[in-house]
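Here the sequence shown is numbered in our numbering, starting from 2 and rising by one per residue. Using N, Cα and C, we set each Cβ at its ideal position, and we do this for glycine too. All values derive from a computational prediction rather than experimental measurement. Notes to accompany the following structure.
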Amino acid sequence: VGSSRERVFIDFLREAPIPPSYGLKKDHMAKLNRLVSSSRRKNRKRHFNAPSHIRRKIMSSPLSKDLRQKYNVRSMPIRKDDEVQVVRGHHKSQQVGKVVQVYRKKYVIYIERIQREKANGASVYVGIHPSKVVIVKLKMDKDRKKILERRARGRQLKDKGKGKHTEESVAMET
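Here it is as structure tokens:
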């Protein structure tokens, strides 16, 4: 070690108590995946520049309690001809309407009877975000049936605890 000043500093570091808040705080989770950004700016950019196949996933709606019970699935990407009920906002109602169009570019859906009149008298659909509706009836086809079966199977395995590490399995490995 070089100068006496450095030696004094090193001695100080050896004797100094380490404060309990040194390093990571207990109430914060460290980021585990370094390939995922936590930046608000980057997340907003990816959201608004997302391609259509990713927008489909983002534009998912929760299923009603009956459908959730029936299929064992919480939510599904919305599609044309699904029957939905608006649960938030100005157009919140008990009446059920059919999805007329899914406008991925604007992140909105248009629903059968939810319209407003323009100044010139023309009526236009009001865009509603899919997270603000509940799917009451699904438009079924073979692909959608397959998706529901696959997701329900995944949930069943999760409920059974498959894929989870238990204390016994960890003890057996060591």
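Would you kindly check if the distance between the Cβ of residue j and the Cβ of residue i is under 9 Å?
| i | j | result |
| --- | --- | --- |
| histidine 130 | isoleucine 112 | no |
| arginine 145 | methionine 77 | yes |
| aspartate 82 | valine 97 | no |
| arginine 75 | proline 63 | yes |
Here's a check: name, in chain order, each residue in its chain whose Cβ is nearer than 8 Å to the Cβ of residue i, leaving out the five neighbours to either side.
| i | result |
| --- | --- |
| glutamine 157 | Asn73 |
| histidine 48 | Ile59 |
Would you kindly work out how many angstroms separate the C-alpha atoms of residue i and residue j, rounded to a whole number?
| i | j | result |
| --- | --- | --- |
| phenylalanine 10 | glutamate 16 | 10 Å |
| glutamate 169 | lysine 159 | 18 Å |
| alanine 51 | arginine 42 | 14 Å |
| tyrosine 108 | histidine 92 | 17 Å |
| glutamine 70 | alanine 153 | 11 Å |
| glutamate 138 | leucine 149 | This sequence places lysine at residue 138; glutamate is not what is there. Cα to Cα, the separation comes out at about 14 Å. |
| serine 132 | serine 61 | 7 Å |
| proline 68 | alanine 31 | It should be pointed out that residue 68 corresponds to leucine in this sequence rather than to proline. One C-alpha to the other measures close to 37 Å. |
| lysine 140 | histidine 54 | 19 Å |
| asparagine 44 | arginine 35 | 14 Å |
| lysine 102 | glycine 128 | Here residue 102 is glutamine; the residue named in the question, lysine, does not match the sequence. Rounded to the nearest angstrom, the two C-alpha atoms are 10 Å apart. |
| lysine 46 | serine 40 | 10 Å |
| valine 171 | lysine 161 | 17 Å |
Of all Cβ atoms in chain C, is any one closer than 9 Å to the Cβ of residue i?
| i | result |
| --- | --- |
| asparagine 121 | Of the chains in the structure shown, none is chain C; there is only one protein chain. |
Buried or exposed: residue i, going by 16 or more other Cβ atoms within 10 Å of its Cβ?
| i | result |
| --- | --- |
| valine 135 | buried |
| valine 87 | buried |
| serine 179 | Limits of the chain in this structure are 2 at one end and 175 at the other, which puts residue 179 out of reach. |
| valine 37 | exposed |
| leucine 33 | exposed |
| methionine 173 | exposed |
| leucine 14 | exposed |
| serine 65 | buried |
| valine 85 | buried |
Spatial neighbours of residue i within its chain, please: C-beta separation below 6 Å, excluding the five flanking residues on both sides.
| i | result |
| --- | --- |
| arginine 57 | Pro78 |
| arginine 89 | Lys133 |
Roughly how far, in whole angstroms, is the beta-carbon of residue i from the beta-carbon of residue j, given that I think they are within contact range, below 8 Å?
| i | j | result |
| --- | --- | --- |
| tyrosine 104 | glutamine 116 | That belief does not hold up - the Cβ atoms of tyrosine 104 and glutamine 116 are roughly 15 Å apart, past 8 Å. |
Return the chain-ordered list of same chain residues with a C-beta closer than 7 Å to the C-beta of residue i, the five sequence neighbours on each side being excluded.
| i | result |
| --- | --- |
| glycine 155 | none |
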